[in-house]
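Under full-length UniProt numbering, the first residue of the sequence shown is numbered 1, with each subsequent residue one higher.
Below: the structure, in structure tokens.
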Amino acid sequence: MRTHTPGIDRRTALAGLLVAGAGATLAGCGSGKEPTPSAASEAPYPVDGRTPLAAGPGKKWDIEGNAQRFTGNTFVSPIPQNSAFFRAENQAQRLVRESRFRDHFALLPHNSMHMTVFEGVNQSQLGTPDWPAWLAGKDMQAAHLAVLDAVSRANITAPRPITMRVDGLVQPLSKGFGLKLASVDAATETALRDFRRRMQDLLQMSTKGFDTYTFHSTLGYRLVEQAADENDESQALEKKVLELFTGDAATVTVDPVAMNIFDDMLAFPQLRVL
1 MRTHTPGIDR RTALAGLLVA GAGATLAGCG SGKEPTPSAA SEAPYPVDGR TPLAAGPGKK
61 WDIEGNAQRF TGNTFVSPIP QNSAFFRAEN QAQRLVRESR FRDHFALLPH NSMHMTVFEG
121 VNQSQLGTPD WPAWLAGKDM QAAHLAVLDA VSRANITAPR PITMRVDGLV QPLSKGFGLK
181 LASVDAATET ALRDFRRRMQ DLLQMSTKGF DTYTFHSTLG YRLVEQAADE NDESQALEKK
241 VLELFTGDAA TVTVDPVAMN IFDDMLAFPQ LRVL
């Protein structure tokens, strides 16, 4: 099994999407019949004796780390590519890529680095109780337009600037690969939580984990489970990763929050900056 960091040439069509208010046509993103969750797609299956985690039918990646079609919308702040934090994220990915765990992860391309501020809807929620009632009967393309129209009409603005500090890993490398981010001060935290509440009141997204949401920047997805005899080396790698985020790299002022759409995890074209 080999993890790839796929090129994004095929995603350039997304960058040319034309959006003009509620009448926009989001060509090539979320169009056509969307897959719906099924018991078969959620069932784990062994690969080389390991159970897949973030890989398999209906998920964001296949078992070799290739991006699969996974459509949705979200509200994120890109990581500035001229920041020390961004450079440290790249170095952290390199550490994993050069480790014995390189085949265990799908790493995000650098242009996809971001901090999620508010989650929209995605294809895995279609036909489930997590799909907002006001979007009933809409496919992903129609949902993109409806969410964009609602946000545009409400003219909601996000706080800025938003400066975050590294607060460890979201979870151990045995489970995933992402940095936990915390607000640098109480004012920023209050502003972010207030923004999330206003967005929730407007869009009525799933409330699962809303009040306990952890801000984070994902670097990669663990494709397969970690074996018990790999724990010590995995923990040593975690320490090396966190040592990168010191000095100027310990904090980051993220770019403004925007509504984004995605067809996979390789690109997040912006529709509206908030």
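Think of the CB as a built atom: it goes at the ideal place given N, C-alpha and C, for glycine as much as any other residue.
*Below 8 Å on the Cβ atoms is my guess for F177 versus V252; work out the distance and round it to an integer in Å.*
As a first step, residue 177 must be located in the sequence shown, where it is residue number 177. As a first step, residue 252 must be located in the sequence shown, where it is residue number 252. Not really, about 17 Å apart at Cβ, beyond 8 Å.
*Going by other Cβ atoms of all chains shown within 10 Å of its Cβ, with 16 needed for buried, is W134 buried or exposed?*
Here residue 134 is taken as the residue at index 134 of the sequence shown, counted from 1. Counting Cβ neighbours within 10 Å, W134 comes out exposed, since fewer than 16 surround it.
*Segment limits, beta strand (DSSP E) that includes L271*: Walking along the sequence shown from the start, residue 271 turns up at place 271. Start and end: Q270 to V273.
*Quick one: Cα of I261 to Cα of G168, how far?*
By one-based count along the sequence shown, residue 261 stands at place 261. By one-based count along the sequence shown, residue 168 stands at place 168. Distance between the alpha carbons of I261 and G168 is about 28 Å.
*Please work out which residues of its chain come closer than 7 Å, Cβ to Cβ, to W131, disregarding the five sequence neighbours upstream and downstream, and give them in chain order.*
Here residue 131 is taken as the residue at index 131 of the sequence shown, counted from 1. Cβ within range, chain order: V121 and Q125.
*In whole angstroms, what separates the C-alpha of P52 from that of Q226?*
Along the sequence shown, one-based indexing puts residue 52 at 52. Along the sequence shown, one-based indexing puts residue 226 at 226. Each residue's Cα considered, the two are about 10 Å apart.
*Less than 9 Å separating the beta-carbons of A67 and V117?*
For the purposes of this step, residue 67 is identified with residue 67 of the sequence shown, where counting begins at 1. For the purposes of this step, residue 117 is identified with residue 117 of the sequence shown, where counting begins at 1. No.
_If distances are taken between C-alpha atoms only, which option among S206, V257 and T71 comes closest to Q141?_
Counted from its first residue, the sequence shown places residue 141 at position 141. When only C-alpha atoms are compared, the closest one is T71.
_At 3 residues or longer, what runs of the beta strand (DSSP E) sit wholly inside the UniProt domain "DUF1868" (60 to 170)?_
72 to 78, 105 to 107, 114 to 122 and 162 to 169
_Beta-carbon proximity list for E233, same chain, < 7 Å, skipping 5 on both sides_ = Mapped onto the sequence shown, residue 233 falls at position 233. So the list reads R100, once near-sequence residues are dropped.
*Excluding sequence positions up to five away, which residues of its chain have a Cβ less than 8 Å from the Cβ of Q270?*
For this step, residue 270 is matched to residue 270 along the sequence shown. Here the set comprises A258, M259 and N260.
*Taking just the CA atoms, how far does V151 sit from M199?*
Start at 1 with the first residue of the sequence shown, and residue 199 comes out as number 199. Start at 1 with the first residue of the sequence shown, and residue 151 comes out as number 151. Roughly 8 Å between the two C-alpha positions.
*Reducing DSSP to helix, strand and coil, say where K239 ends up.*
Mapped onto the sequence shown, residue 239 falls at position 239. Reduced to three states, the DSSP call for K239 is helix.
*Where does D201 land, buried or exposed, given buried means 16+ other C-beta within 10 angstroms?*
Position 201 of the sequence shown holds residue 201. By the neighbour-count rule (16 or more Cβ atoms within 10 Å), D201 is not buried but exposed.
*Given that a residue counts as buried once 16 or more other Cβ atoms are within 10 Å of its Cβ, and exposed if not, what is Q123?*
Position 123 of the sequence shown, counted from the start, is the residue given in the question as residue 123. Buried is the call here.
*Under the assumption that A249 contacts R87 (Cβ atoms under 8 Å), give the Cβ distance between them as a whole number of angstroms.*
Reading the sequence shown from its first residue, position 249 is the one you call residue 249. Reading the sequence shown from its first residue, position 87 is the one you call residue 87. Indeed, because the Cβ distance is near 7 Å, the residues count as touching under 8 Å.
*Keeping to the same chain, check which residues put their C-beta closer than 8 Å to that of K180; ignore five residues upstream and five downstream.*
Position 180 of the sequence shown, counted from the start, is the residue given in the question as residue 180. Excluding residues within five positions, the ones whose Cβ falls inside 8 Å are V166, D167, G168, L169, V170, T214, F215 and H216.
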